[in-house]
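Peer 1: This is the structure I want to talk about, given as structure tokens.
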Amino acid sequence: MEGIIVKGSKNLFTVKPVVQLFDGSAGASCLECRFKGKILKDGETAYNPLAPGDLVVVSPDSRLIESRLPRRNKFSRWNEKGRSSQVLAANIDLVVCVASPASPPFRPRFIDRVLLQAEAENVPAAVVLNKSDLPLEAQAAARLDSFEKIGIPVLRVSAKNGDGISLLQDCLTGKTTLFVGQSGVGKSSLINRLFPDCDSKTGVVNKKFDRGNHTTVMSVRYEHERYVVIDSPGLRQFIPDGIAAENIAIYMRDISPFAGKCLFGASCTHTVEKGCAILDAVSKGLIHEDRCKSFLRMKG
Ligand SMILES: Nc1nc2c(ncn2[C@@H]2O[C@H](COP(=O)(O)OP(=O)(O)O)[C@@H](O)[C@H]2O)c(=O)[nH]1
Ligand SMILES: [Mg+2]
Ligand SMILES: [Zn+2]
């Protein structure tokens, strides 16, 4: 039997059977399935060998996950505590970085890192500014505009008063979308708006599986008739995963046109040099100054 991972921890997963329905009945209900962890060749270095969105083959009798089907794509981050790559979701169509104007403060560097990862994984990305009922500083507004200028859709919504939610629903329609964001930006509140019928308020998770800390550190897949959203755990920081420093410029679409064009070539630090193509682009307003700082920081 084939199924899709809804959520889970190291060896226990919730799997939704993928079934062909001919009788018009509601979809099959989820199964709790075990996973031995030895069947995935590349699973050894991963913090989690299976992530929400993964398609798996389950033995219906033993409820044992036998294998994972090939991934169309994945989205991961570097898990510093676990010292490994953590796959937040697999087989997605869009990554949405959720941000807020305040509490927590607007952190454009966080967004830059998520966008970098998305570009490297070749997954389309968008920014959702939640809490748009709160005032936004001019600097933050300018930075949001700069994302739009480079072709990243930016939506302003409020989970609190409902502003922009139907537009967000339109953007999500027909897609499987991963939500990533700092803790407290309102991802759970948005999920509650987007999935009014499901008991996501309590994390969808029944109490039995809510114990331990796994449900707070793993992503969860929510399904609606129009869209699917995978909510990832709130993060304090986002550390890109598996991207070599020399490739960062390539994955920043405002910087890539100028990469490799500096007068001093690869030795250019893009900080003080005359003839630096990137600094030149900053001075012409083609690259936002703070995006450039972000780039230099990520490059290390
Ligand atoms: N003002 C305002 N507060 C919000 C909004 N959405 C969520 N919050 C509040 O922000 C806090 C964190 O929300 P939560 O959904 O738990 O954030 P998460 O950590 O990203 O899942 C809660 O106190 C929410 O009531 C919003 O649109 N506007
Ligand atoms: Mg939350
Ligand atoms: Zn340079």
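Residue numbers (my numbering): 1224 to 1523. Where is the CB? At the ideal position from N, CA and C, for every residue including glycine.
1. Ligand 3 and E1469: does any heavy atom of the ligand fall closer than 7 angstroms to the residue's C-beta?
2. Please check if any C-beta of chain B sits within less than 8 angstroms of the C-beta of V1351.
3. What does the Cβ neighbour count give for Q1384, buried or exposed, with the cut at 16 atoms within 10 Å?
4. By Cβ distance below 7 angstroms, which residues in the same chain neighbour E1344 in space, the five residues on each side in sequence not counted?
5. Should L1367 be counted as a contact of ligand 3 given a C-beta to heavy atom distance under 7 angstroms?
6. Note the first and the last residue of the continuous alpha helix (DSSP H) segment covering L1391.
7. In the DSSP output, what is D1356 paired with across the bridge?
8. When DSSP labels each residue in this structure, what does V1350 get in the three-state scheme?
9. Would you list, in sequence order, the uninterrupted alpha helix (DSSP H) runs of no fewer than 4 residues that lie entirely inside the stretch 1307-1351?
10. Buried or exposed: which applies to R1336, given that a residue is buried once 16 or more other Cβ atoms fall within 10 Å of its Cβ?
11. Hey, is the stretch 1394-1401 in contact with the stretch 1353-1372, meaning 3+ C-beta pairs nearer than 8 angstroms?
12. State the beta-bridge partners of L1401 as determined by DSSP.
13. Taking 6 angstroms as the limit, name every residue whose beta carbon sits nearer than that to some heavy atom of ligand 2, in sequence order.
14. In this structure, what does DSSP give as the bridge partners for F1236?
15. Any contact of the stretch 1338-1358 with the stretch 1302-1319, i.e. 3+ C-beta pairs under 8 angstroms?
16. In angstroms, rounded to a whole number, what distance separates the CA positions of K1233 and C1485?
17. Just verifying my parser: in three-state terms, what is the DSSP assignment at S1299?
18. Is S1381 closer than 8 angstroms to K1354 when the C-beta atoms are compared?
19. Leaving out five residues before and five after A1176 in sequence, what residues of the same chain have Cβ atoms less than 7 angstroms from its Cβ?
20. Taking 7 angstroms as the cut-off, is the beta-carbon of G1526 closer than that to any non-hydrogen atom of ligand 1?
21. Can you tell which of T1494, Y1270, D1477 and K1516 has the C-alpha that lies nearest to the C-alpha of E1342?
22. Considering only DSSP beta bridges, list what V1281 is partnered with.
23. Expressed to the nearest angstrom, what Euclidean distance is found between the alpha-carbon atoms of F1284 and V1229?
24. So, with DSSP's three-state summary, where would you put V1427?
25. Does at least one heavy atom of ligand 1 sit under 7 angstroms from the Cβ of S1381?
26. Any idea if V1505 is buried or exposed, counting beta-carbon neighbours within 10 angstroms, 16 or more meaning buried?
27. Can L1519 be considered in contact with ligand 3, in the sense that its beta carbon sits closer than 7 angstroms to one or more heavy atoms?
28. Note the first and the last residue of the continuous alpha helix (DSSP H) segment covering V1505.
29. Tell me, which residues are paired with G1226 by DSSP?
30. By how many angstroms is the C-alpha of R1294 removed from the C-alpha of S1282?
31. The alpha helix (DSSP H) with N1413 in it runs from where to where?
Peer 2: Let's see:
1. No, since every heavy atom of ligand 3 falls outside the 7 angstroms radius drawn around the Cβ of E1469.
2. The chain labelled as chain B is not found in the depicted structure, where only one protein chain is given.
3. The sequence given here places Asn at residue 1384; Gln does not occur at that position. Answer is exposed; the Cβ neighbour count stays below 16.
4. Answer for E1344: N1296, K1297 and F1298, listed in chain order.
5. Outside the cutoff, so no.
6. Annotation: the continuous alpha helix (DSSP H) that includes L1391 extends over I1388 to L1395.
7. In the DSSP output, where bridge partners are listed per residue, D1356 has none listed.
8. In this structure, DSSP gives V1350 an extended state, which the three-state scheme calls strand.
9. Runs of alpha helix (DSSP H) with 4 or more residues, each lying fully within the stretch 1307-1351, are found at 1331-1344, listed in chain order.
10. When all chains shown are included, R1336 counts as buried.
11. Counting Cβ pairs under 8 angstroms, fewer than three are found: no touch.
12. Beta-bridge pairing links L1401 to V1318 and I1453.
13. Per the CB criterion, closer than 6 angstroms to any heavy atom of ligand 2, the qualifying residues run in chain order as K1410, S1411 and G1457.
14. DSSP lists G1231 and C1256 as the beta-bridge partner residues of F1236.
15. The stretch 1338-1358, when compared against the stretch 1302-1319, does touch it at the 8 angstroms Cβ threshold.
16. Using only the alpha carbons, I get a separation of about 47 angstroms.
17. For S1299, the secondary structure class from DSSP, reduced to helix, strand or coil, is strand.
18. Against a cut-off of 8 angstroms, the Cβ pair of S1381 and K1354 comes out as a contact.
19. As displayed, the chain neither begins before 1224 nor continues past 1523, which places residue 1176 out of reach and without an answer.
20. It is not possible to answer for residue 1526, since the shown part of the chain is limited to 1224 through 1523.
21. The candidate whose alpha carbon is nearest that of E1342 is D1477.
22. DSSP, once it has assigned bridges, lists I1288 as partnering V1281.
23. One point to set straight first is that residue 1284 is Asp, not Phe, in the sequence displayed. Answer to the nearest angstrom: the Cα atoms are 19 angstroms apart.
24. Residue confidence is low: V1427 scores 41 on pLDDT, short of 50, so the model does not pin down where it sits. Its coordinate-derived value is still stated next. Three-state DSSP puts V1427 in coil, outside helix and strand.
25. With a cutoff of 7 angstroms, S1381 counts as near ligand 1, since its C-beta is closer than that to a heavy atom of the ligand.
26. Taking every protein chain shown into account, the CB of V1505 has 16 or more other CB atoms within 10 angstroms, so this residue is buried.
27. Result no, Cβ not under 7 angstroms from ligand 3.
28. V1505: member of the alpha helix (DSSP H) spanning A1500 to S1506, first to last residue.
29. Answer by DSSP bridge pairing, in chain order: P1240 and V1279.
30. The C-alpha of R1294 is placed about 20 angstroms away from the C-alpha of S1282.
31. Rather than Asn, the amino acid found at residue 1413 in this sequence is Leu. Boundaries of the alpha helix (DSSP H) harbouring L1413: K1410 to L1417, taken from the DSSP string.
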